[in-house]
Amino acid sequence: MKAFNFIGAYSPAYKNSRPTFLGLLLIAVFALFIASCKKDTIIPQVTSTPLLSASASTIVLSRDTKDQQAVTLKWSAATVKGMQGSITYFLQWDLKGSNFANATNIKLGRDTLTKSYTQEALNDLFGTLPFAAATPVELRIVIATSDGSVTPFNSNTIGLTVTTYNKVIPPPYSALWMVGDATPKGWDISNATPMVQDGTDPYLFTYIGLLTAGEFKIATVKDFGGAFYRPLTNHPDLSVTTAQVSSGDPDNKWQIAAAKAGNYKVTLNLHNSSISIVSTDPPKAPFSQLWLLGDASPGGWSLDAVTPLTVDASDSFIFTWTGPLIAGDFKIATAKDFNAPFYRPTTNAPDLSATAVQLNAGDPDNKWHITTASTYKITLNLRTNTISIVNTIITTPPYTALWIIGDASPGGWSLDAATPMVKSVTDPFVFTWTGPLVAGEFKIGTAKDFGAKFYRPVSDHPALSATTVQLSSGDPDNKWVVTASTAGNYKITLNMKDLSVAIVKQ
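Residue numbering for the sequence shown is 1 to 506, as defined by UniProt numbering.
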């Protein structure tokens, strides 16, 4: 064979063909490189799936042994050929036969091949299972790669039968009964009045209903020889919250006085052995009858001729009287007995514009003093211990202008924007206003001055149907209230002569 001539290959005769030769050479080399790369490409594939096992198959969990080991799970390593990332293991469990349709997934981590659970930890893991019931479940390991090169895949499935426990320690009693002559069933313990166990906190027991004058305690069993929840002392005040559970003596009981009989909510808390006994009835006025007594009143100082006040139909704490008073003194009796308590002023013979009242028997025997005989309207509020004494026989109205003020009114609480009322053309004592009231409060001002007197209700936030008003400054700063549900257009009519108001929704 004739030898290759390297010199001739680079002679002038090859000069023009050199670029073509070099280009072809580069293309050939690139093609060989591409072919080599294609030959070396590896598609990731699962080459080994884990084999899962458990140290126990039937597991009964208990609060008493919550720190002991319950089970250890082990699995072999998964391998994925051609994977560029890492492997993460997950534990998946569901009820047996559910095909993991509602599975719970727990991340176990990377490069871990075992997981141990204490009884408490396993109880938490299976927290949705019914308590104290052997329940079959299925478990498997799920494997995922960080680069997503393969679809997540599973180990074999194993079965466990697990009995869980309630982490909340159950109360010492699941039923309680009220027994005693204050309760609806009296002392018949076989038919004692049951309390209701709370649906969310089983340590709370409640009774809502009537309690009459008498005693009661709370039974843990329908047997007088059993334990009872009782007060620490016999017949404590109903505001005392401490209770104890005991049998035998001392046989302490709660007592409902005759004056306090009514509807109650009784709540016993077994967490801390405390009790709440709360009346659910509206507050009761301390007196249902009152009388004017004194030489200024129609009956004078005679107990047999005392002048009765009238209980307000909408508020049993409010008493009114309208009639003639002559020059002299008076006080307000709670009974037809000079030794009983009387409602009196806080100082003797105060100005009739003073509103403070006190209740006492004996001295100081303060009284109101009338200097000008006339017809008066007296309004006594037992809730606030205040009184209004107004001379109703006047020929000249005390005010020629009135304003509605408050966030329920169009002008709000701004004195500059206070809403004026309109004086009647036929009766200068009567003022009216018609317009919108929104949710909020209001009162009626006699001047654009918060230090001036206001016409107000005799109790705070009365029903809008209440008709009695008082004229006062300072406290108590009673107001009418409009709620979101009662907001709307109203007509308000105020009569300064008889101290009455009509608030009527249009």
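The beta carbon of each residue, even a glycine, is placed where N, CA and C say it ideally should be.
Neighbourhood of residue i by C-beta distance below 8 Å, restricted to the same chain and skipping five residues each side
i    : result
A132 : T163, T164, Y165 and N166
K253 : G180, E215, F216, K217, R230, P231, N234 and H235
T322 : T375, Y376, K377, I378, T392 and D498
T467 : S500, V501 and A502
L95  : N102, T135, P136, V137 and E138
K336 : W291, L303, D304 and V306
G488 : P436, L437, K505 and Q506
V150 : P44, Q45, V46, V80 and M83
Beta-carbon proximity of residue i to residue j, cut-off 8 Å
i    : j    : result
A285 : V306 : no
Y455 : L437 : no
T145 : M83  : yes
K479 : Y490 : no
G226 : S247 : yes
W93  : T79  : no
D363 : G328 : no
S57  : L176 : no
G69  : S116 : The question names Gly, but residue 69 in the sequence shown is Gln. Taking 8 Å as the Cβ cut-off, Q69 and S116 qualify as a contacting pair.
R110 : I87  : yes
L464 : T446 : no
I189 : A213 : no
P462 : S288 : no
L293 : F319 : no
I444 : I404 : yes
T114 : L73  : yes
K367 : N339 : no
I106 : L91  : yes
Beta bridge counterpart(s) of residue i as assigned by DSSP
i    : result
N360 : F342
D138 : For the record, residue 138 in the displayed sequence is Glu; it is not Asp. In the DSSP output, where bridge partners are listed per residue, E138 has D94 and G159.
G209 : Y264
T379 : T320 and S388
F431 : K423 and L494
F330 : W368
I189 : Note: I189 sits in no beta bridge, so no partner.
P308 : W291
P457 : V469
Cβ neighbours of residue i in the same chain (closer than 6 Å, five flanking residues each side left out)
i    : result
S316 : A285
A502 : T493
A261 : T212 and A213
Q310 : Per the sequence shown, the amino acid found at residue 310 is Thr instead of Gln. Excluding positions up to five away in sequence, the list reads T320.
Y399 : T446
P308 : W291
R63  : Y165
Contacts around residue i, its chain only, beta-carbon distance under 7 Å, and the 5 residues preceding and following it disregarded
i    : result
N495 : F429 and V430
S155 : T49, P50, L51, L52, W75, R140 and I141
A258 : A213
P341 : T334, L359, N360 and A361
D147 : M83, Q84 and G85
P184 : T193, G209 and L210
G199 : none
Distance between beta carbons of residue j and residue i, contact taken as under 8 Å
i    : j    : result
M421 : W433 : 4 Å
P298 : P324 : 7 Å
S473 : R383 : Not confirmed; about 19 Å, so no contact.
I326 : I370 : 7 Å
- the region 351-367 touching the region 408-415, judged by at least three CB pairs closer than 8 Å: By the Cβ criterion, the region 351-367 is not in contact with the region 408-415, since fewer than three pairs of Cβ atoms, one from each stretch, lie closer than 8 Å.
- Message: Count Cβ pairs between the region 235-252 and the region 269-282 that sit closer than 8 Å; are there 3 or more?
- Response: The way I'd put it, the region 235-252 does touch the region 269-282; three or more beta-carbon pairs between them come closer than 8 Å.
- Just checking, does the region 250-270 make contact with the region 201-217 on the three C-beta pairs under 8 Å criterion? Touching, per the Cβ criterion.
- When the Cβ atoms of the region 315-332 are set against those of the region 372-381, are three or more pairs found closer than 8 Å? Inter-segment contact for the region 315-332 and the region 372-381 is present: three or more beta-carbon pairs are separated by less than 8 Å.
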